[in-house]
Structure formats: C-alpha cells, structure tokens
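*Asks:*
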C-alpha cells in the first residue's frame with residue numbers, strides 16, 4: 026500500500042494550494058464603484074459598508090492559516106505516502122479552495138435579515154473540512170505512514186479531534202438556521218480560542 | 026539532446042501551475058447578487074441554482090488533482106530533462122490552465138437546452154490533454170530520460186493509455202453534440218472510475 | 026518554546042503568498058470596455074485614464090518586492106521556529122495579501138477630489154505591516170530563534186526600524202486626511218529611497 | 026557586493042510568479058453571458074467571437090513559458106546573488122506580471138479597426154522585458170555572480186541578445202501604430218521561430 030518516497034512534492038503542492046486560497050480571499054473585497062460617490066464623506070461611508078467583508082476575510086484567512094499550521098504539524102508525523110493518503114489530502118484541499126465562496130457570502134449577507142444561508146454554509150464547510158481531517162489522519166494510520174509509535178499516537182489524537190470538530194461545526198451550522206449572527210460570533214470566538222491555544226501549546 | 030541536471034525546478038514550476046489552476050476554479054462560482062433577494066428563502070433558491078457550477082467545480086478539481094498525481098508518478102520515472110520534454114510539459118500545463126474556461130461554461134449552460142457547446146468543449150479539452158500526455162511520454166522516451174528499463178516500460182504504458190484516452194474523449198466530445206447531458210454523466214462516471222482505480226492500484 | 030526543525034516549509038509558504046499577492050495586483054487594472062470606443066484616439070485616451078492604476082500597481086509591486094527581500098534577509102538570521110513566530114509571520118502575510126485592496130482604491134480615486142480615504146488606508150496598511158515586522162522580529166528574539174549574537178543584533182535593528190516605520194506611516198496616514206496627493210508623492214519617494222538604499226547597502 | 030548564499034529561494038520566488046502569471050491569463054477569457062443566448066447556434070457563434078482572446082492567451086502563455094525556460098537556463102550560470110541582481114530579477118517579474126493586461130487588450134481589440142493601441146502596448150511590454158533581461162545579465166556580470174568563464178561568456182551572449190531584442194520589439198511597436206494586424210502576425214511568427222529554435226538548440 027505505502028511506498029517509501031518522501032512527501033516533499035505533496036507537501037509543496039499542498040502549500041501552494043493553501044497559499045493561493047489564502048491570497049484569493051482578497052479579490053472578493055471589491056472597492057466601492059466610483060459612480061454615485063461625489064464626496065470624501067460618501068467614500069468613507071461606502072468603505073464602512075465593507076465591514077462584514079473584511080471581517081469574513083480576516084476570519085477565513087485565520088482559518089486557512091491555522092489549517093496550514095496543523096497540516097504542517099501533521100506532515101511531520103509521517104515519512105511515507107500512499108494513494109489513499111494523497112487523495113485524502115486532495116479532499117482537504119478541495120475544502121480549503123472552496124473557502125472564498127462562503128467567505129464572500131458572509132461578507133455580502135451577514136448584516137442583512139437573511140444571513141442564515143451564509144452562516145449555515147460557512148459552518149457546513151468547516152464541518153466537511155473536519156471530515157477531510159479524519160480521512161487524512163485515518164489513511165495515514167491505516168497505511169502505516171507514521172514515523173513511530175509516538176507519531177501514531179499524535180495522529181490518533183488528530184483523528185479524535187476531527188470527530189469532535191465534525192459534531193461541533195454541524196451543530197453550529199444547524200443552529201445558524203435560526204440564529205446566524207450569534208453563531209457567527211461563536212464561530213469567531215472558537216477560532217480565536219484555537220489560535221490562542223496553539224500559540225500557548227507550542 | 027538530454028542533459029543530466031535534475032528536474033527539481035521543472036517539477037516545482039509544474040506543481041505551482043497545477044496548484045493555481047486548481048484554486049482559480051473557485052472564482053467562477055459567483056455568489057448571488059444581493060439585488061432581488063429579499064428573503065432567506067429567495068437566497069436559498071438562488072444558491073440552489075449554483076448546483077451545475079459546483080458540480081463542474083468538483084469535477085474539474087478532481088480531474089486536475091488526478092492529472093497532478095499522474096504527473097507526480099511520471100516524473101518519478103525520469104531523472105533527466107531535455108528542451109522537447111520541457112515544452113511538452115508546457116503544453117500539458119496549457120491544457121490544465123485552460124480548464125477553468127470549459128468548467129465555467131458547463132456551470133452556466135449544463136441545465137439549459139443549449140448545453141452541447143459546453144460539454145463538447147469540455148471533452149475536447151481533455152482529448153487535447155491526452156495528446157499532451159502522449160507528447161510528454163513520447164519526448165521522455167525519445168530523449169532517453171527514463172531512469173531504467175522498468176521506468177521506460179511504464180512510460181510506454183502511459184503513452185499507450187494516452188492514445189486510448191484521445192480516442193475515448195474525442196468520441197465523447199462528438200456524441201455530446203447530440204446528447205450533452207448523457208455525456209456529462211458518462212464523463213463524471215469515467216473520472217470517478219479512474220479515481221477508484223488509482224486508489225486501489227496504489 | 027522553540028523547536029529545532031528547519032524553516033524550509035514556512036519560507037516556501039511565505040514565498041508563495043508573496044508571489045501570488047504580487048501577481049494578483051494586475052487583475053485590478055481593467056482594460057477599457059469596448060462600448061463607447063469607436064476610434065483609436067478614444068482608446069488611447071481611455072488607456073491614458075489608467076495612469077493612476079498603473080502608478081498604484083508599480084508602487085505596490087515595489088513595496089511587496091522590497092518586503093519579500095527584507096523577509097528573505099530576516100529568515101537568514103534564524104534557524105529555528107516557534108508557534109508565535111509562525112503566527113507573527115501569518116499576520117505579516119495578512120497585511121501583504123490585503124495590499125491589492127488599497128492599491129485598487131488609489132488607482133480609482135487618486136486623481137479625484139475625494140482621494141483622502143484611499144491614501145489614508147494605503148498608509149495605514151503599511152503602518153500595520155510595520156507592526157507585523159515588530160512582531161516577527163520580537164517573537165524571533167523572545168523565542169531565541171536567531172542563529173548567533175550577530176544575527177540577534179541585526180534582528181534587534183529590524184525591530185527598532187519597525188517602531189520607526191509605525192510612527193512614520195501613521196503620521197503619513199494622518200496627514201493624508203488633508204493632503205492626500207502630497208502624501209502619495211512623499212510615500213513614493215520614501216519607497217524609492219528605500220529601494221536605492223537597499224541596492225547600495227548590499 | 027555579492028554574497029555567497031545559494032539562489033534557491035530567489036529561484037523559487039521567481040518560479041512562483043511565472044507560474045501564477047501564466048495561470049492568471051485564463052481569467053480574461055470570459056464565457057459568453059447567458060442573456061441573449063437562446064439557441065445552441067447562438068452560443069457557438071458567441072464562442073467563436075472569443076477567437077482573438079484565445080489567440081492572445083496562447084501567445085502570452087508561450088511567451089511566459091519561453092521566458093521561464095530562459096530564466097531557468099540563466100540561473101544555471103550563476104551561483105551567487107547580490108541586491109542589484111535580485112532587484113533586476115524583480116523588474117523582470119514586473120514585466121511578466123503585467124502580461125495579462127496587454128493580452129486582454131489584444132483579445133478585445135485585435136479584430137476591430139482600432140487595434141493599434143493593443144498591439145503597440147503588447148510589443149512595448151516585450152521591449153521593456155528585453156531591457157529587464159539586459160539588467161539581469163548585466164548585474165550578474167558586474168557583480169561576478171557567474172560560475173566560471175564559460176558561464177560568463179554565455180551570460181554576455183544573453184545580454185547581447187537583450188540589446189538586439191530591445192531594438193526589434195521597439196521597431197515592431199512603432200510599426201504597429203500603422204499596421205497592427207501585420208505586426209501581430211509577425212510577432213507570433215517570431216515567437217514560433219524562437220520556440221522551434223530553442224527546441225532544436227537543446
């Protein structure tokens with residue numbers, strides 16, 4: 026199942042996709058059209074309306090960055106590769122590449138009274154991303170790609186965290202049907218906590 | 026013809042192009058414009074209309090990912106480079122970079138009654154991509170870039186598969202003139218089969 | 026705090042983000058729409074109106090390039106990594122990724138009589154970028170990631186320059202509220218000086 | 026002037042920019058808007074109008090690819106770096122990143138009777154790109170970055186070719202003021218010759 030070539034090229038490919046997905050987020054923050062803007066005050070006000078877009082941009086940037094850091098840490102546990110591991114990583118990349126879509130949705134609709142679809146889809150995507158993490162960890166374990174017993178134990182932790190994350194994000198997505206704004210705040214706090222946690226744990 | 030420098034930089038360049046082409050697919054999934062959307066229900070319905078776009082996105086993502094995996098495997102068979110090999114790879118990259126265009130076409134027109142051009146162009150592009158594979162394998166063989174006799178044999182298999190693929194995708198493109206939807210389904214099943222096959226073969 | 030793995034993958038990831046942010050700047054230079062253009066003279070005139078956009082493109086390109094060169098030089102001073110160092114770099118990347126937004130703003134509004142918001146935001150972003158530099162240097166010093174005492178001294182210089190830069194760019198952003206065009210010129214000259222300085226210092 | 030660190034990171038950065046500039050070319054080939062298209066025949070016709078865009082896409086793709094191959098070959102001649110060499114490369118990247126703009130212009134205006142600005146700007150950019158090549162070769166020679174005398178001789182050839190190219194492309198740009206279509210054909214043939222030449226020379 027697993028052959029012993031190093032993962033350098035897979036790592037570089039994943040890094041490329043993470044880096045591009047991160048950077049592409051900016052193209053959904055559109056500058057105000059110059060039509061209808063005649064004074065500095067009007068331009069400031071139009072820029073103020075970009076608040077939700079910039080919030081969504083920073084949140085998605087942080088999520089992709091944290092995901093990259095976790096990916097980085099996971100790949101230090103493995104020293105082999107297998108086809109199922111590569112495709113599990115491909116599935117993870119699919120969920121990362123998709124991030125700009127719900128990000129733009131949240132930016133456009135968060136402060137309207139029909140924000141629910143945006144927040145539901147946003148949290149559904151992170152739930153699917155957690156499924157991808159389970160597959161990445163699972164295939165690494167099943168194909169015995171981990172370096173040693175200690176790495177395997179850490180990888181099993183990853184998988185367990187993945188199961189937990191699927192449940193949490195699915196619940197958040199469900200509750201967002203009724204309380205989108207509250208869930209947007211909870212999601213932000215959750216990721217801020219993750220960030221603080223991984224800064225302290227290191 | 027062939028000089029003996031390693032292929033690291035060519036590999037990295039190709040990986041970059043694959044990674045970007047993959048990620049750029051998302052920018053053709055445009056969020057519904059906020060004008061004309063006044064209720065949550067309308068937003069959900071507008072999002073539902075994105076179905077064909079998301080289908081096309083996932084299919085093209087999978088095709089580029091599988092192509093990258095095959096590229097990855099092919100490059101493990103060679104340890105030298107030549108100008109004709111580099112340009113054959115450049116032609117392969119051209120067909121990969123072009124993918125977002127027919128993908129957007131399929132997303133926009135698949136469920137209309139004039140879907141034929143989209144599906145014809147989509148399958149024509151994969152036919153041209155197969156020609157590029159024949160050139161990549163062919164130049165590798167002709168310039169004796171393969172590592173050993175076993176690698177050369179595998180490369181000859183690649184080339185033969187390329188010829189087969191040209192015939193299959195050209196036929197699919199032709200039949201799509203009359204039955205676009207049916208061909209879209211056949212194409213999807215074909216790639217799903219490829220994915221399963223390469224997962225099992227590894 | 027700091028573990029001893031090399032920074033190759035972090036470096037490659039940052040390089041990717043720098044390279045993409047640099048390249049994405051071009052997509053905000055839109056070609057003149059063909060409607061309303063009937064003669065060559067009209068097309069030349071419409072192209073002439075892109076002057077501010079091209080000025081902003083070149084300025085932002087130069088800023089990101091110089092930032093990359095500085096990043097390159099800073100990373101030669103460290104040989105370890107830590108979570109706080111990675112996230113400080115992530116914050117720096119956030120400010121780099123955000124560049125296309127104020128760049129497009131300056132391109133659109135610089136020659137109107139409501140240019141202030143564009144120039145204020147542009148200089149505010151470079152001020153925030155300097156804060157990111159302070160964090161990158163600061164975390165490198167606090168986690169003892171520098172190679173030797175000489176590297177640590179250079180890193181302390183970086184941090185001090187960061188503090189200076191925050192003050193300078195904040196002042197420029199403030200003055201731009203009243204004199205946007207003058208500040209745009211001062212900013213350009215400042216970066217031209219930086220470029221010349223780093224060409225001579227090397 | 027020149028320090029002795031390897032050029033790996035500069036190479037990787039340049040490769041990234043080349044790869045992204047190449048891939049971004051596709052986003053200016055916009056699919057026909059579904060409004061006003063009611064039959065398959067109308068869609069085919071609308072797709073036919075994309076001819077000049079696809080021609081410009083393939084030409085620019087080939088130019089960037091050939092430029093990358095030349096860059097690849099040039100970097101094999103040097104084993105050191107200097108600040109002026111890095112910024113000369115940065116200037117070369119600026120001209121590469123700018124390619125999508127005249128490419129889109131040519132795609133939009135080539136078959137109208139006001140095609141001159143598009144072709145003039147396209148050839149002016151390749152003239153400026155040749156200036157960048159002179160600077161890259163010149164700084165490499167002046168800072169003694171080349172590996173040995175044979176490499177220095179090849180680098181001097183590069184510089185001389187750069188001077189020739191500046192003259193040729195400037196002339197083409199000038200003549201394109203009166204004969205844009207003819208110059209577009211000459212430019213294409215010139216690059217096709219370059220491609221054939223570098224395929225045979227290798």
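Residue numbers (our numbering), protein chains in the order written: chain A, 26 to 227; chain B, 26 to 227; chain C, 26 to 227; chain D, 26 to 227. Ideal Cβ placement from N, Cα and C applies to all residues, glycine included.
Shorter than 8 Å from the beta carbon of residue 34 (chain A) to some beta carbon of chain B?
*Replies:* Yes - at least one Cβ of chain B is within 8 Å of the one on residue 34 (chain A).
*Asks:* Less than 8 Å between the CB atoms is what I'm expecting for residue 49 (chain B) and residue 52 (chain D), so what's the real figure, rounded?
*Replies:* Confirmed, Cβ separation roughly 7 Å.
*Asks:* Count the other CB atoms, across all protein chains shown, that sit within 10 Å of the CB of residue 218 (chain B); report buried if there are 16 or more and exposed otherwise.
*Replies:* By the neighbour-count rule (16 or more Cβ atoms within 10 Å), residue 218 (chain B) is not buried but exposed.
*Asks:* Beta-carbon of residue 43 (chain A) versus every beta-carbon of chain C: anything under 8 Å?
*Replies:* Yes, its Cβ sits closer than 8 Å to a Cβ of chain C.
*Asks:* Of the residues that make up the region 91 to 105 of chain A, which ones have a beta carbon closer than 9 Å to any beta carbon in chain C?
*Replies:* Within the region 91 to 105 of chain A, the qualifying residues are 91, 93, 94, 97, 100, 101.
*Asks:* Would you mind working out which of B:118, B:119, B:147, B:58 sits nearest residue 132 (chain B), comparing C-alpha positions?
*Replies:* Nearest option by C-alpha distance: B:147.
*Asks:* Residue 168 (chain B) by DSSP, collapsed to three states: which one?
*Replies:* Of the three classes helix, strand and coil, the one that applies to residue 168 (chain B) here is coil, per DSSP.
*Asks:* Throw me the rounded Cβ distance for the residue 144 (chain B) and residue 209 (chain B) pair, which I believe falls under 8 Å.
*Replies:* Going by Cβ atoms, the distance from residue 144 (chain B) to residue 209 (chain B) rounds to 5 Å, so yes, they are a contact pair.
*Asks:* Does the Cβ-Cβ distance between residue 42 (chain A) and residue 122 (chain A) come in under 8 Å?
*Replies:* Yes, they are a contact pair.
*Asks:* Check whether chain A comes within 8 Å of residue 204 (chain C), counting only Cβ atoms and requiring the distance to be less than that.
*Replies:* It does not: the Cβ of residue 204 (chain C) has no partner Cβ on chain A nearer than 8 Å.
*Asks:* When you compare only the Cα positions, how much space is there between residue 34 (chain A) and residue 97 (chain B)?
*Replies:* Distance between the alpha carbons of residue 34 (chain A) and residue 97 (chain B) is about 8 Å.
*Asks:* Compute the Euclidean distance between the alpha carbons of residue 206 (chain B) and residue 150 (chain A), then round it to the nearest angstrom.
*Replies:* Their Cα atoms are separated by approximately 28 Å.
*Asks:* Does the separation of the CB atoms of residue 157 (chain B) and residue 103 (chain B) fall below 8 Å?
*Replies:* No, the Cβ-Cβ distance between residue 157 (chain B) and residue 103 (chain B) is not below 8 Å.
*Asks:* Based on Cα-Cα distance, which residue from C:192, C:62, C:68, C:142 lies nearest to residue 62 (chain A)?
*Replies:* Closest by alpha carbon: C:142.
*Asks:* Report the neighbours of residue 126 (chain C) on chain A: residues whose CB is nearer than 8 Å to its CB, in chain order.
*Replies:* The contacting residues are 51, 54, 56.
*Asks:* In angstroms with no decimal places, state the Cα-to-Cα distance between residue 56 (chain A) and residue 44 (chain A).
*Replies:* Their backbone Cα atoms lie some 23 Å apart in a straight line.
*Asks:* Do residue 220 (chain A) and residue 91 (chain A) come within 8 Å of each other at the CB atom, strictly closer than that value?
*Replies:* Yes.
*Asks:* Could you check which residue in B:60, B:152, B:65 has the C-alpha nearest to that of residue 202 (chain A)?
*Replies:* For residue 202 (chain A), the nearest C-alpha among the options comes from B:65.
*Asks:* Would you tell me roughly how many angstroms separate the C-alpha atoms of residue 72 (chain D) and residue 74 (chain B), rounded to the nearest one?
*Replies:* Each residue's Cα considered, the two are about 23 Å apart.
*Asks:* What residues of chain B sit near residue 122 (chain A), judged by a beta carbon separation below 8 Å?
*Replies:* Chain B residues near residue 122 (chain A): 47, 48, 50, 51, 86.
*Asks:* Pull out every residue of the region 190 to 202 of chain C whose Cβ sits closer than 7 Å to any Cβ of chain D, in chain order.
*Replies:* Taking 7 Å as the Cβ-Cβ cut-off against chain D, none of the residues of the region 190 to 202 of chain C qualify.
*Asks:* So the candidates are D:113, D:118, D:211, D:198; which of them puts its Cα closest to the Cα of residue 163 (chain D)?
*Replies:* Ranking D:113, D:118, D:211, D:198 by Cα distance to residue 163 (chain D) puts D:113 first.
*Asks:* Which stretch, first to last residue, makes up the alpha helix (DSSP H) that contains residue 126 (chain B)?
*Replies:* Run containing residue 126 (chain B): 125 to 134, per the alpha helix (DSSP H) assignment.
*Asks:* Can you tell me the Cα-Cα spacing of residue 77 (chain A) and residue 212 (chain A), whole angstroms?
*Replies:* Spanning the two alpha carbons is a distance of roughly 14 Å.
*Asks:* What is the rounded straight-line gap between the Cα of residue 108 (chain B) and the Cα of residue 94 (chain D)?
*Replies:* Each residue's alpha carbon lies about 9 Å from the other.
*Asks:* Could you tell me whether the Cβ atoms of residue 47 (chain D) and residue 89 (chain D) are closer together than 8 Å?
*Replies:* Contact flag set, yes.
*Asks:* Cβ atoms of residue 191 (chain C) and residue 152 (chain C): under 8 Å apart, would you say?
*Replies:* In this structure, residue 191 (chain C) lies closer than 8 Å to residue 152 (chain C) by Cβ.
*Asks:* Find the residues of chain A that neighbour residue 133 (chain C), judging by a C-beta separation of less than 8 Å, and give them in chain order.
*Replies:* Here the neighbours are 56, 59.
*Asks:* By the criterion of Cβ-Cβ separation under 7 Å, what are the contact partners of residue 219 (chain C) in chain D?
*Replies:* Those within 7 Å of residue 219 (chain C) in chain D number zero; the least Cβ separation is about 11 Å.
*Asks:* Residue range of the alpha helix (DSSP H) that residue 237 (chain A) falls in?
*Replies:* Residue coverage of chain A in this structure runs from 26 to 227, which leaves residue 237 (chain A) outside it and unanswerable.
*Asks:* Alpha helix (DSSP H) containing residue 45 (chain A): first to last residue?
*Replies:* Unbroken alpha helix (DSSP H) run through residue 45 (chain A): 33 to 49.
*Asks:* Expressed to the nearest angstrom, what Euclidean distance is found between the alpha-carbon atoms of residue 138 (chain D) and residue 60 (chain D)?
*Replies:* In a straight line, the C-alpha of residue 138 (chain D) is about 27 Å away from that of residue 60 (chain D).
*Asks:* Run through chain B and tell me which residues come within less than 8 Å of residue 142 (chain A), C-beta to C-beta.
*Replies:* Going along chain B in sequence order, the residues near residue 142 (chain A) (Cβ under 8 Å) are 65, 68, 69, 72.
*Asks:* Please report whether the beta-carbon of residue 130 (chain C) lies at a distance below 8 Å from any beta-carbon of chain A.
*Replies:* Yes, its Cβ sits closer than 8 Å to a Cβ of chain A.
*Asks:* Leaving aside the five residues before and after residue 184 (chain A) along the sequence, list all residues of the same chain whose C-beta is less than 8 Å from its C-beta, in chain order.
*Replies:* Excluding residues within five positions, the ones whose Cβ falls inside 8 Å are 158, 159, 162, 163, 166.
*Asks:* Going along chain A in order, which residues have a C-beta closer than 7 Å to the C-beta of residue 224 (chain B)?
*Replies:* Residues of chain A passing the Cβ test: 108, 109, 112.
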